[in-house]
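Residue numbers (UniProt numbering), protein chains in the order written: chain A, 1 to 262; chain B, 1 to 262. Ideal placement from N, C-alpha and C gives every residue a C-beta, glycine not left out. Just so you know, these numbers come straight off a predicted model, no measurement behind them.
2 protein chains.
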Amino acid sequence: MLALLQNIRVVLVNTSHPGNIGGAARAMKNMGLSQLVLVDPMDFPSGDAVARASGATDILDAAQVVGTLEEALVGCSLVFGTSARERRIPWPLLDPRECAAAVCEQVLQGSEVALVFGREYAGLTNEELQRCQFHVHIPTDPDFSSLNLAAAVQVLAYEVRMAWLVAQNKPTKIAKLEATAIQSSQPVTADELESFYAHLEQALIEIDFLDPAKPRHLMSRLRRLYGRSAISKLEMNILRGILTETVKAARGEHQGRGKTDV
Amino acid sequence: MLALLQNIRVVLVNTSHPGNIGGAARAMKNMGLSQLVLVDPMDFPSGDAVARASGATDILDAAQVVGTLEEALVGCSLVFGTSARERRIPWPLLDPRECAAAVCEQVLQGSEVALVFGREYAGLTNEELQRCQFHVHIPTDPDFSSLNLAAAVQVLAYEVRMAWLVAQNKPTKIAKLEATAIQSSQPVTADELESFYAHLEQALIEIDFLDPAKPRHLMSRLRRLYGRSAISKLEMNILRGILTETVKAARGEHQGRGKTDV
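Here is the structure:
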């Protein structure tokens, strides 16, 4: 069971203060999490990180440092992004408890998930948030809403551990989850979903539905729709096949039939 | 209702590092708590506390400094002591969620309660723990169980806020936002969904992806995907628009741009 917690990736984007990286590592280790990914950290490795980690140096040593959020999310089937603010486009929004329940459900199915935390002062950009299927908001006092980064990691890691402990004590719920897992086939990963969106955008441009000069909210609305649908690999193959034929049709390159062998 | 959170006292006993006092103040203010009591702190006031408080200086300024735990608890009807270890003497032991429920129940009755946190390295003494009616244990990994002091305050303050939001009967701000989002994005009806499937099938035939003579399971798979996505009316308009343009493209009837006004 413990192995399942290792399928949960904590991703810190563009962190300014190495002390917060150390604090996050300590919070993770306290709650049984181990997989830390740092996207373009400002100052790492660092003595401050080691000091605040207070013994969780194994997590710092094993931390993966990457250049972009995309790299950090490769192989993840579900991505949760922490968000402090209300956004104009409504997005599936969870509180930490709901997030933890969804995380546990996924890892019990053998999938990998990511919890993404933004910069200390600016959080995640809209573009980064659109790479997340779900947004998580920690319900702070609206008059003083900016949590310390390590504190935010602590709250989510704590909720994940609580959900995981509950799942361990309720075999019936696990059995139910496993049955669901068998029913639905393997989910696509975040990188596969990104390739799909790129393909979709290209096709929409080719059929003159999307004007790249005036994209409006079209792609983010489509991301929201497909992002919440838990698309399986088989379904993704179908959608990609449709896009391929759509592009051919738009270019007048119809190839005749024979594509329905799914 | 907010006034009730002011009846919750956070008591830090004999804290070594002033930075932790600042971190605790920030965590409290994030969650709407305000009453901080310091029992014999090693170093306070301190610039380190102000730095880590990150704007929660009003809580530091108003903090009461006392010499003994007894003084800190005057007027409290219920006292919860955090404990990292199992004790030889069995004591009523709560997890943070149970503690938060009990705290809220008390303050809703107009009582004052205290959450007591011990020293960074040694926690609370047995004598101090015996002054608490309940012990609270944060369920850490047994192999790495020592939480940072401010992180422990963060977890309990967060649980208190969650319980308080539930007690208010309008759970999280998120739930409210979600309700708004759902209201403003009315779901499609079954008949609208059927029209969409008919349109989708027609488009797939036009782009030569679907062979009507050999349809296989294609449409049922797509029905399963879109059927579980709870498509809104706005999203349906987008999907129908895409299909219309796809059919035009397949027929060589590109109309130029101007369809992205969504």
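Residue i - containing alpha helix (DSSP H), residue span
{"i": "I21 of chain B", "result": "P18 to N30"}
{"i": "Q154 of chain A", "result": "L149 to N169"}
{"i": "A102 of chain B", "result": "P96 to L108"}
{"i": "L36 of chain B", "result": "Per DSSP, L36 of chain B belongs to no alpha helix (DSSP H); it is in the beta strand (DSSP E), Q35 to V39."}
{"i": "V50 of chain B", "result": "G47 to A53"}
{"i": "G67 of chain B", "result": "No alpha helix (DSSP H) holds G67 of chain B; DSSP gives it neither H nor E."}
{"i": "G252 of chain B", "result": "Premise fails: G252 of chain B is in no alpha helix (DSSP H) and is neither H nor E."}
{"i": "G227 of chain A", "result": "L218 to G227"}
{"i": "I231 of chain B", "result": "Note, I231 of chain B: premise wrong, no alpha helix (DSSP H); not H, not E."}
{"i": "E127 of chain A", "result": "N126 to L129"}
{"i": "L60 of chain B", "result": "T57 to A62"}
N-terminal and C-terminal residue of the beta strand (DSSP E) that residue i is part of
{"i": "I8 of chain B", "result": "I8 to V13"}
{"i": "H199 of chain B", "result": "Careful: H199 of chain B lies outside any beta strand (DSSP E), inside the alpha helix (DSSP H) at A190 to E206."}
{"i": "G81 of chain A", "result": "L78 to T82"}
{"i": "L115 of chain B", "result": "V113 to F117"}
{"i": "H135 of chain B", "result": "F134 to V136"}
Under 8 Å between C-beta atoms of residue i and residue j
{"i": "T82 of chain B", "j": "V11 of chain B", "result": "no"}
{"i": "F134 of chain B", "j": "P96 of chain B", "result": "no"}
{"i": "R221 of chain A", "j": "I238 of chain B", "result": "yes"}
{"i": "V74 of chain B", "j": "V39 of chain B", "result": "no"}
{"i": "G104 of chain B", "j": "A157 of chain B", "result": "Strictly speaking, residue 104 of chain B in this sequence is Cys, with Gly absent from that position. Contact flag unset, no."}
{"i": "V155 of chain B", "j": "I138 of chain B", "result": "yes"}
{"i": "S145 of chain B", "j": "N7 of chain B", "result": "no"}
{"i": "G32 of chain B", "j": "A51 of chain B", "result": "no"}
{"i": "L243 of chain B", "j": "V107 of chain B", "result": "no"}
{"i": "E159 of chain B", "j": "A100 of chain B", "result": "yes"}
{"i": "L147 of chain B", "j": "N169 of chain A", "result": "no"}
{"i": "Q202 of chain A", "j": "S232 of chain A", "result": "no"}
{"i": "H199 of chain B", "j": "R240 of chain B", "result": "yes"}
{"i": "A249 of chain A", "j": "I207 of chain B", "result": "yes"}
{"i": "E120 of chain B", "j": "S54 of chain B", "result": "no"}
{"i": "L218 of chain B", "j": "E235 of chain A", "result": "no"}
{"i": "A190 of chain A", "j": "C76 of chain A", "result": "yes"}
{"i": "L94 of chain A", "j": "A102 of chain A", "result": "yes"}
Beta-carbon separation (whole angstroms), residue i vs residue j, contact threshold 8 Å
{"i": "L149 of chain A", "j": "V113 of chain A", "result": "Contact flag wrong, Cβ pair sits at about 19 Å."}
{"i": "M28 of chain A", "j": "L36 of chain A", "result": "6 Å"}
{"i": "R228 of chain A", "j": "Y197 of chain A", "result": "At roughly 14 Å, the Cβ-Cβ gap does not stay under 8 Å, so R228 of chain A and Y197 of chain A are not in contact."}
{"i": "G67 of chain A", "j": "D48 of chain A", "result": "No, G67 of chain A and D48 of chain A are not in contact; Cβ-Cβ is about 22 Å, not under 8 Å."}
{"i": "A63 of chain B", "j": "R26 of chain B", "result": "A63 of chain B to R26 of chain B, Cβ: 13 Å. No contact."}
{"i": "L115 of chain A", "j": "F80 of chain A", "result": "5 Å"}
{"i": "R131 of chain B", "j": "L69 of chain B", "result": "6 Å"}
{"i": "E253 of chain A", "j": "F209 of chain B", "result": "With a Cβ gap of about 13 Å, E253 of chain A and F209 of chain B do not count as contacting."}
{"i": "A151 of chain B", "j": "A151 of chain A", "result": "7 Å"}
Contact set between residue i and chain D, taken where Cβ atoms lie within less than 8 Å
{"i": "G123 of chain A", "result": "Absent from the structure is chain D; the protein chains it does hold are A and B."}
Closer than 8 Å between beta carbons: that is the criterion. Which residues of the region 137-160 of chain B meet it against chain A? For the region 137-160 of chain B, the beta-carbon criterion of a distance under 8 Å to any beta-carbon of chain A is satisfied by I138, P139, T140, D141, F144, S145, S146, L147, N148, A150, A151, Q154, V155 and Y158.
Give the residues from the region 202-224 of chain A that approach chain B closer than 9 Å (Cβ to any Cβ), ordered along the chain. A203, L204, E206, I207, D208, F209, L210, D211, A213, K214, P215, R216, H217, L218, R221, L222 and R224
With 8 Å as the limit, tell me which residues of the region 9-31 of chain B have their beta carbon closer than that to any beta carbon of chain A; keep them in chain order. G23, R26, A27, K29, N30 and M31
According to a CB-to-CB cut-off of less than 7 Å, which residues of the region 243-256 of chain B neighbour chain A? For the region 243-256 of chain B, the set of positions with a beta-carbon nearer than 7 Å to some beta-carbon of chain A reads E245, T246, A249, A250, G252, H254, Q255 and G256 in chain order.
Positions along the region 88-122 of chain A whose CB lies within less than 9 Å of some CB in chain B: P90, W91, P92, L93, L94, D95, P96, R97 and E98
Residues in the region 67-81 of chain A with C-beta within 7 Å of chain B's C-beta atoms, listed in sequence order? none
Short-range partners of chain A found in the region 186-200 of chain B, where Cβ spacing is below 8 Å: Sequence-ordered contacts of the region 186-200 of chain B with chain A are nonexistent [C-beta pairs closer than 8 Å].
Scan the region 44-70 of chain A for residues whose Cβ lies nearer than 9 Å to a Cβ of chain B and list them as they occur along the chain. R52, S54, G55 and A56
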